[in-house]
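Notes for the one structure printed next.
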Amino acid sequence: MKQPFFHSVYLFLFLALCQTELLAQDSQKYAIIPQPQSLTPEKGEFLLNEKTTLLLPVDSAGFKLAANYLADLVKNAAGYELKYGKPGAKPSKNTVAFLVDPNLENEEAYTLQVHSKGVQIKSKTAKGAFFAVQTLRQLMPAEVEGKSTQKTFPIPAVTITDAPRFSYRGVMLDVGRYYFPVDFLRKYIDLLAFYKINTFHLHLTEDAGWRMEIKKYPKLQEIAAWRDSTVVGHAKDKPRKYDGKRHGGYYTQQELKELVKYAQNRFITIIPEIDMPGHSLAALAAYPELGCLKDTTYQVLTAWAIQKDIFCPHETTFTFLEDVLTEVMEVFPSKYIHIGGDEAPKDRWKQSAAAQEVIKREGLKDEHELQSYFIRRVEKFVNSKGRAIIGWDEILEGGLAPNATVMSWRGEKGGIAAAKQKHDVIMTPNTYLYLDYYQTPEARKTEPVAIGGYLPLEKVYSYNPVPASLTAAEAKHILGTQANVWTEYISTGDHAEHMTFPRASAFAEVAWTLPERKNYADFKLRLLQHSKHLDKLKVKYAPYFKAEKGLSQAGK
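Following this note's numbering, the numbering of the sequence shown begins with 47 at its first residue and continues without gaps.
Right under this line is the structure:
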């Protein structure tokens, strides 16, 4: 009498196993990161080959950037050039057609249809078309990522409708502690574009080095860009050891202008950061009159710790910063200029007659309000040039500058406070998005030295940038989110890649994909297949995810 019940249970389990197997198959076949908002598998595939024709809309301004990106991939891999058809021609057999769809609400949105006869990409703007190309690229075999004997590239049939969750999707790289060559920055930008990340935050100045050429202040290149030695091992080790090697370098304005253009061609905005009033020891070493102390010799930092020496609020300091920011804005056309504002101890200001005079003159309550005054003055200047500032959440202390956007790094508290004050916010809490933290539980035995902390891939993936405590109206002030790569213990490009990827891959899904579309088990399956692209691109990513329980078998 009980047999029908058991038959039903067995049937249910069988169907569940079949569904799981199909999910695994789809995850490998459609190994797209970040996960699109809607993906419908179709039967068959399209075979891209040397006879494939690219079709652009009649008004193709910008769209050719997206199409050229695809053509260049194929040329580098297979050696032949895809030809362009007549602009505005109707899609036909063996074509990749770019079409304008003015009805799409989001300028970064796109639809992608792949069938046996060809590919259609619809978008409102060239930006959406470029992101569609990145999706198409991920659907292609990994051989498309470099020189290959393969001449044809099968693409599984699919219908995708996609758009980002957030308008701001950023990654920050700190080049102040260590100088990274321009060629590496280009590769890094390419990898960000691969994941539809649209903002590259370049942290250019630090206590340990100043990395941008400022023509009006040549000592920034001659002195501030170099340090005599660097601490070996962790800064907390006793006794400290140093390598005795001079390290440094800086980017010329021409190099940075070319880098900006390179990023723009990948629909990425570079936001420069000139840190103030703290993290300024390198600048003080070059121009000591900008500090609060007299009769002292400042030196570019050689170990890692927060410094008490910061910019003093002299009128000459504001002149210096306005001159610097003028040259920065001539190189970087971004809406936002990041001015730091973090980790600025007030010890020197408390002891400085000049700083105390400003507090008295301006009717300020204390040194925290003096920092607010400092930031407000800088913001007023930046606003006068048609730009806006971003600062770390310390700029909330003493009162927030009127038009500032807050980058919340010390957890979410600062971001929540700023959103409630109707200020725009970018969420970047260290507990979820600091990619300089260790990646495994047994970190100190298996990983290179890092600053500390523990941030595994799954925790990055689990982050939701919109705090539950915000109302719907307040949540609209969350522009997006950003992952940060600080480089106190990252001195080479290979190590930077190891710390960034694949955690930035997980972050990309946090920034792009709606929460209901996220699934960590599915992400891991896609990542295992997707990592073949990273292998071909020679990315030195951290391989720890391949050893996660159940992943190796599931990915076979």
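All C-beta atoms in this analysis are idealised placements derived from N, C-alpha and C, irrespective of residue type, glycine included.
Which residues mark the beginning and the end of the alpha helix (DSSP H) in which residue i is found?
i: residue 172; result: 172-185
i: residue 146; result: Taken as a continuous stretch (DSSP letters only), residue 146 belongs to no alpha helix (DSSP H), being part of the beta strand (DSSP E) at 141-146.
i: residue 369; result: 361-377
i: residue 466; result: 459-466
i: residue 417; result: 413-430
i: residue 523; result: Here residue 523 belongs to no alpha helix (DSSP H), and DSSP marks it neither H nor E.
i: residue 394; result: 393-397
i: residue 572; result: 566-582
i: residue 328; result: 327-332
Just grab the DSSP bridge partners of residue i for me.
i: residue 247; result: 218 and 317
i: residue 322; result: 386
i: residue 442; result: DSSP, once it has assigned bridges, lists no residue as partnering residue 442.
i: residue 273; result: 293
i: residue 229; result: Paired residues: none, contrary to the question.
i: residue 517; result: Answer by DSSP bridge pairing: none, since residue 517 is not bridged.
i: residue 256; result: 251
i: residue 434; result: 382
i: residue 404; result: Answer is none; residue 404 lacks a bridge partner.
i: residue 167; result: 144 and 158
i: residue 288; result: 277
Look at residue i and residue j and say whether their C-beta atoms are less than 9 Å apart.
i: residue 98; j: residue 157; result: no
i: residue 470; j: residue 455; result: no
i: residue 203; j: residue 87; result: yes
i: residue 78; j: residue 206; result: yes
i: residue 38; j: residue 384; result: Residue 38 is absent from the structure shown; the chain starts at 47 and stops at 602.
i: residue 373; j: residue 299; result: yes
i: residue 538; j: residue 222; result: no
i: residue 369; j: residue 263; result: yes
i: residue 189; j: residue 582; result: yes
i: residue 382; j: residue 435; result: yes
i: residue 215; j: residue 528; result: yes
i: residue 591; j: residue 580; result: no
i: residue 481; j: residue 399; result: no
i: residue 292; j: residue 557; result: no
i: residue 483; j: residue 496; result: yes
i: residue 508; j: residue 433; result: no
i: residue 416; j: residue 395; result: yes
i: residue 357; j: residue 323; result: yes
i: residue 548; j: residue 588; result: yes
i: residue 442; j: residue 460; result: yes
Using three-state DSSP, classify residue i as helix, strand or coil.
i: residue 162; result: coil
i: residue 309; result: helix
i: residue 601; result: For residue 601, the predicted model reports a pLDDT of 33, less than 50, meaning its position is unreliable and no value from the coordinates is stated.
i: residue 454; result: strand
i: residue 199; result: strand
i: residue 73; result: helix
i: residue 528; result: strand
i: residue 480; result: strand
i: residue 194; result: coil
i: residue 339; result: coil
i: residue 500; result: strand
i: residue 23; result: This structure gives no information on residue 23, because the portion of the chain shown stretches from 47 to 602.
i: residue 157; result: strand
i: residue 131; result: coil
i: residue 261; result: coil
i: residue 106; result: coil
i: residue 594; result: coil
i: residue 121; result: helix
i: residue 506; result: helix
i: residue 357; result: coil
i: residue 303; result: helix
i: residue 563; result: helix
i: residue 67; result: In this prediction, residue 67 scores a pLDDT of 48, lower than 50, which makes its location untrustworthy; the coordinate-derived value is nonetheless stated afterwards. It is helical.
i: residue 267; result: helix
What are the start and end residues of the beta strand (DSSP E) that includes residue i?
i: residue 547; result: Taken as a continuous stretch (DSSP letters only), residue 547 belongs to no beta strand (DSSP E), as it is neither H nor E.
i: residue 606; result: In the structure displayed, the chain extends from 47 to 602; residue 606 sits before or after that span and is not available.
i: residue 588; result: Element bounds for residue 588: n/a, residue is neither H nor E.
i: residue 348; result: No beta strand (DSSP E) holds residue 348; DSSP gives it neither H nor E.
i: residue 99; result: 99-101
i: residue 85; result: 84-94
i: residue 472; result: 471-473
Measure how close the beta-carbons of residue i and residue j come, nearest whole angstrom, since I'm counting them as under 8 Å.
i: residue 154; j: residue 228; result: With 8 Å as the limit, residue 154 and residue 228 do not qualify as a contact, their Cβ atoms being about 27 Å apart.
i: residue 401; j: residue 338; result: 6 Å
i: residue 135; j: residue 101; result: 5 Å
i: residue 332; j: residue 270; result: 4 Å
i: residue 466; j: residue 403; result: The pair is not a contact, with the Cβ atoms about 34 Å apart (cut-off 8 Å).
i: residue 525; j: residue 506; result: At roughly 19 Å, the Cβ-Cβ gap does not stay under 8 Å, so residue 525 and residue 506 are not in contact.
i: residue 427; j: residue 336; result: Not really, about 16 Å apart at Cβ, beyond 8 Å.
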